[in-house]
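Going by mature numbering (1 follows the signal peptide of the UniProt record, and there is no 0), the letters in the sequence shown line up with residues -20 to -1, 1 to 285, in that order.
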Amino acid sequence: MKIHKLLPLVSFLAPLSLFSCGNYQKSTELSNLIDSSSNVLQNDQSEKEKMTKFVLDSILNKQFKNSQVNRVAFINSQNNEANITAFLEKSQQYSQIILNSNESDQIEEAKINLKNLYNKNWLILLNHLNKLHIHFDNWYYFQDYNSDLKNSAHSQEFKDKIEHSLNFPRPWTEEYKTELFLNPDAKPKFEVFYDTKIKNLFLDEIIEGEESAEMPNTTIFYVLKDKLLFRIKVNNENVEIQNIIYFDKSKSKISLNLISNIVHSGFVHNDQEGYDRLEEDIVNKYRYNMPSEVLLVNKGEKNEN
C-alpha cells in the first residue's frame, strides 16, 4: 500500500523535472511564485543585528580605547550567566519598589539604585531590553537657569501644560473619563502614557553628540531604539546613562543630530534658544510631541523571550 501511495507523487515529480530541463523560462516563472518574504525578513533582521553590534562596539571601543584586556574582561563578566541572573533579580527588586511603594523616599532610593545598576551593567541592560517596560517618570525639559550672565526658562504656557498633565489621575478613573467627556478642554495637552513593553533587542542608530568636542576625555553618545533615546556619557572607562527619553507620540522619525543640537544648546550651555527649540521644534515643528524622561523597569513577567 505504501508503494501505491508514493507512486502518484513520483509520477508527478518526474514530468516536472523533465519540464524544468526543457523549459527554463517557465521554471523561472514558477520559482518566482515561491514566497520570498522569509528571505526578506531574514535579511532585514541580519541588517538590524549588524547595526546593534555596531552600536555596542562603538560604546565599548570608546570605553576601553586604552585597554583591550579590560574590554575582554568586561564583556566576559557581562555575558556571565550568574551576573545576568543577579542583574535581573536586582532590577526586579528595585522596580517593584518604584511601582508599588507609597513612600517617596523609598522610591527615590530605588531609582538611584536602579540607575547605578544600569550604569555598571550597561551591556547586560542593552542585551536584555526585551525583558523591560518603559515607565513614565517625568516630562523631559530644561530647568530654569539664572546667573549674572544669562537667564533662561521655558515659557509659562509650556510650564502650565506640564503641571496640568502631572496633576490628573493615572490611570484615568471612570469619573475622570466622564469629566473629560463633558469638558474636553480639561484634557491635558501633554498626555502621560501607560507602561510600554519593549519588544526586541535591536538598536537603530548611534551618533557622538556635538557637545563631546567640549568635554576632555569624555564622549556623549545618543543611541536610538524605535522612539526610545539613550543619552550615554563615557568618561575613560566609566559609563553613565544620563537620560532615557521616550517620544511615545512622535509622528516623525527621530533625528539624533537635532536632539543633540538642542540638548547641547539648552542643557549644556543653558541658552534660551535651546529652551525655545525644545518647545517649538521638538514638540510642534517636527511633530515629535512632548518627550518624557522614563525608567526601564523589570516587572519579572514569565515567558519573556
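Beta carbons are placed, not taken as given, at the ideal position from N, Cα and C, and that holds for glycine.
Everything numeric in this text was worked out from a predicted model, so none of it was measured.
Sheet register partners of residue 177 (DSSP bridge)
If you number the sequence shown from 1, residue 177 lands on position 197. Paired residue(s): 113.
Counting only runs that start and end within the region 69 to 109, where is the alpha helix (DSSP H) found for 4 or more residues in a row?
-> 84 to 100, 102 to 107
- [ ] May I ask which residues mark the beginning and end of the alpha helix (DSSP H) holding residue 57?
- [x] Taking the first residue of the sequence shown as 1, we reach residue 57 at position 77. Residue 57 -> alpha helix (DSSP H) spans 48 to 58.
key: For residue 63, the three-state DSSP class (helix, strand or coil)   = Start at 1 with the first residue of the sequence shown, and residue 63 comes out as number 83. Correct three-state label for residue 63: helix.
Worksheet item: Helix, strand or coil: which one does DSSP assign to residue 36?
Response: Against the sequence shown, residue 36 aligns to sequence position 56. DSSP places residue 36 in helix when its eight states are reduced to three.
Using the Cβ count rule (16 or more neighbours within 10 Å means buried), how would you classify residue 270?
On the sequence shown, position 290 is the one that residue 270 refers to. Its Cβ being crowded by 16 or more others within 10 Å, residue 270 is buried.
Return yes when the Cβ of residue 208 is within less than 8 Å of the Cβ of residue 104, no when it is not.
Within the sequence shown, the letter at position 124 stands for residue 104. Within the sequence shown, the letter at position 228 stands for residue 208. In this structure, residue 208 does not lie closer than 8 Å to residue 104 by Cβ.
Quiz item: Do residue 203 and residue 49 have their CB atoms nearer than 8 Å?
Solution: Counting from 1 along the sequence shown, the entry for residue 203 is found at position 223. Counting from 1 along the sequence shown, the entry for residue 49 is found at position 69. Against a cut-off of 8 Å, the Cβ pair of residue 49 and residue 203 comes out as no contact.
Exercise. Provide the residue(s) that pair with residue 274 in DSSP beta bridges, ordered along the chain.
Key: In the sequence shown, counting from the first residue as 1, residue 274 sits at position 294. The partner list for residue 274 (beta bridge, DSSP) reads 116.
Q. Residues in its own chain within less than 8 Å of residue 55 by CB, not counting five upstream and five downstream?
A. The residue you call residue 55 lines up with position 75 of the sequence shown. For residue 55, where only same-chain residues beyond five positions count, the Cβ hits under 8 Å are 40, 103.
Just verifying my parser: in three-state terms, what is the DSSP assignment at residue 248? Counting from 1 along the sequence shown, the entry for residue 248 is found at position 268. Per DSSP, reduced to three states, the secondary structure at residue 248 is helical.
Check: Which residues in the same chain as residue 72 place their Cβ atom closer than 8 Å to its Cβ, once the five residues preceding and following it in sequence are excluded?
Finding: Position 92 of the sequence shown, counted from the start, is the residue given in the question as residue 72. Hits under 8 Å: 278, 279, 280.
Discussion item. Please identify the residue among 227, 27, 218, 175 whose C-alpha is closest to the C-alpha of residue 78.
Written reply: For the purposes of this step, residue 78 is taken as the residue at position 98 of the sequence shown. Of the listed residues, the one whose Cα sits closest to residue 78 is 175.
Exercise for the section: Please report how far the alpha carbon of residue 110 lies from the alpha carbon of residue 133, in whole angstroms. Expected result: Locating residue 110 in the sequence shown gives position 130, where the first residue counts as 1. Locating residue 133 in the sequence shown gives position 153, where the first residue counts as 1. Those two C-alpha atoms are separated by around 37 Å.
* Asked: Taking the alpha-carbon positions, what's the residue 223 to residue 246 distance?
  -> Within the sequence shown, residue 223 is the residue found at index 243, counting from 1. Within the sequence shown, residue 246 is the residue found at index 266, counting from 1. Each residue's alpha carbon lies about 15 Å from the other.
- Query: From what residue to what residue does the alpha helix (DSSP H) around residue 123 run?
  - Reply: For the purposes of this step, residue 123 is taken as the residue at position 143 of the sequence shown. Where residue 123 is concerned, there is no enclosing alpha helix (DSSP H), given that its DSSP letter is neither H nor E.
| query | Thinking C-alpha only, which one of 195, 90, 210 is nearest residue 239? | reply | As a working mapping, residue 239 is identified with position 259 in the sequence shown. Among 195, 90, 210, the Cα nearest to that of residue 239 is on 210.
Original post:
So what does residue 211 bridge to, in DSSP terms?
Top reply: Here residue 211 refers to the residue found at position 231 of the sequence shown. DSSP, once it has assigned bridges, lists 202, 223 as partnering residue 211.
Within 10 angstroms of its Cβ, does residue 228 collect 16 or more other Cβ (buried), or is it exposed? Taking the first residue of the sequence shown as position 1, residue 228 is located at position 248. Classification of residue 228: buried, given that the 10 Å Cβ count is 16 or more.
_Sequence-distant residues of the same chain with beta carbon closer than 7 Å to residue -15, five excluded per side_ = In the sequence shown, counting from the first residue as 1, residue -15 sits at position 6. Low per-residue confidence applies at residue -15: pLDDT is 39, beneath 50, and the placement is therefore not dependable, though the value from the model is reported in the following sentence. Closer than 7 Å at Cβ, skipping near neighbours: no residue.
For residue 234, three-class secondary structure by DSSP: Sequence index remark: in the sequence shown, residue 234 carries index 254 (1-based). Coil at residue 234, not helix or strand.
*Look at the alpha carbon of residue 67 and the alpha carbon of residue 61, and state the distance between them as a whole number of angstroms.*
Taking the first residue of the sequence shown as position 1, residue 67 is located at position 87. Taking the first residue of the sequence shown as position 1, residue 61 is located at position 81. Distance between residue 67 and residue 61, taken at the CA atoms: about 10 Å.
- Cα separation between residue 213 and residue 107? For the purposes of this step, residue 213 is taken as the residue at position 233 of the sequence shown. For the purposes of this step, residue 107 is taken as the residue at position 127 of the sequence shown. Taking the straight line from one Cα to the other gives about 18 Å.
In the DSSP assignment, the beta strand (DSSP E) including residue 143 goes from what residue to what residue? Translated into positions along the sequence shown, residue 143 becomes position 163. Per DSSP, residue 143 belongs to no beta strand (DSSP E); it is in the alpha helix (DSSP H), 136 to 146.
Looking only at C-alpha atoms, which of 181, 215, 177, 185 sits nearest to residue 194?
Here residue 194 refers to the residue found at position 214 of the sequence shown. Checked all of 181, 215, 177, 185; the closest Cα to residue 194 is 215.
query = Does DSSP put residue 185 in a helix, in a strand, or in coil?
reply = If you number the sequence shown from 1, residue 185 lands on position 205. Three-state DSSP puts residue 185 in a strand.
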